[in-house]
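K.L.:
Please read through the structure below; I'll follow up with questions.
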Amino acid sequence: MELIGQGYTQAQTEFKLYKSESTIKTEGYAVEDNSTAVILFDGMCNLCSGIVQFVIPRDPKRHFRFASLQSETGRMMLSRCQLPTDRFNSFVVVHGVTCRTKSDAALYVCSRLTGGWRLLRVFAAVPRPIRDRVYDWVARNRYRLFGQRSSCFMPDRERDRERFLP
Numbered sequence: 164m165e166l167i168g169q170g171y172t173q174a175q176t177e178f179k180l181y182k183s184e185s186t187i188k189t190e191g192y193a194v195e196d197n198s199t200a201v202i203l204f205d206g207m208c209n210l211c212s213g214i215v216q217f218v219i220p221r222d223p224k225r226h227f228r229f230a231s232l233q234s235e236t237g238r239m240m241l242s243r244c245q246l247p248t249d250r251f252n253s254f255v256v257v258h259g260v261t262c263r264t265k266s267d268a269a270l271y272v273c274s275r276l277t278g279g280w281r282l283l284r285v286f287a288a289v290p291r292p293i294r295d296r297v298y299d300w301v302a303r304n305r306y307r308l309f310g311q312r313s314s315c316f317m318p319d320r321e322r323d324r325e326r327f328l329p
């Protein structure tokens, strides 16, 4: 199996069921340490905000922090991942120097959640172009199917709010 880039941490090599062409080496940006990944999400999207609300209670070890794609942090991280900062058609997971997008990001998140969600990694056996085609369809239709927020999502509980980057 080939991984793109060099200097992979243990967490980046744990999820080796497939080769990810959407894994991009960044310029060495790390949030705080290599144990924390950042989920970049469309803060105006009801589906995306719902996914964040779903992840929070299933991530008791706090593997993930969050930033909206529209935020200053989100745009800076998108730029570092060499992704467009003006279109928000994928959520992105940034972990150390690795950026994952689309279905690769979703499967990575599932692999870190508690409960049976890790079992969804079996979908890594489905070729990425097929997984991403389904992902792209949902992304294109997310506002029509799930609605759009008038402001970016922010959790109610202070303990959860501290996981959100500006």
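Position 46 of the sequence shown, counting from 1, maps to 209 under my numbering, and the rest follow consecutively. Ideal placement from N, C-alpha and C gives every residue a C-beta, glycine not left out.
Excluding five sequence neighbours on each side, which residues of the same chain lie with their C-beta closer than 8 Å to the C-beta of S266?
P.N.:
Along the sequence shown, read from residue 1 onward, the residue named residue 266 stands at position 103. Cβ neighbours of S266 beyond the five flanking positions: F286, R291, R294, D295, V297 and Y298.
K.L.:
What are the partner residues of Q311, as DSSP defines its beta bridges?
P.N.:
Against the sequence shown, residue 311 aligns to sequence position 148. In the DSSP output, where bridge partners are listed per residue, Q311 has C208.
K.L.:
In angstroms, rounded to a whole number, what distance separates the CA positions of E325 and N304?
P.N.:
Here residue 325 refers to the residue found at position 162 of the sequence shown. Here residue 304 refers to the residue found at position 141 of the sequence shown. Distance between the alpha carbons of E325 and N304 is about 31 Å.
K.L.:
According to DSSP, simplified to helix, strand and coil, what is F286?
P.N.:
Within the sequence shown, residue 286 is the residue found at index 123, counting from 1. F286: helix per DSSP, three-state reduction.
K.L.:
Here's the rule I'm using: 16 or more other beta-carbon atoms within 10 Å means buried, otherwise exposed. How should E184 be labelled?
P.N.:
The count along the sequence shown starts at 1 and reaches residue 184 at position 21. Only weak support is given to the placement of E184: the predicted model assigns it a pLDDT of 42, under 50, and the value that follows is read from those uncertain coordinates. Label assigned to E184: exposed.
K.L.:
Could you pull the start and end residues of the beta strand (DSSP E) that T264 belongs to?
P.N.:
The sequence position of residue 264 within the sequence shown is 101, counting from 1. First-last of the beta strand (DSSP E) with T264: T261 to T264.
K.L.:
Please classify S313 as buried or exposed, where buried requires at least 16 neighbouring CB atoms within 10 angstroms.
P.N.:
The residue you call residue 313 lines up with position 150 of the sequence shown. Flag for S313 reads exposed.
K.L.:
Cα-Cα, which of G310, L241, C211 and P247 is closest to A269?
P.N.:
For the purposes of this step, residue 269 is taken as residue 106 along the sequence shown, with counting starting at 1. Nearest of G310, L241, C211 and P247 to A269, Cα basis: C211.
K.L.:
Below 7 Å CB to CB, which residues in the same chain sit around E321 once its five sequence neighbours on both sides are set aside?
P.N.:
Along the sequence shown, one-based indexing puts residue 321 at 158. Nothing listed; no residue qualifies.
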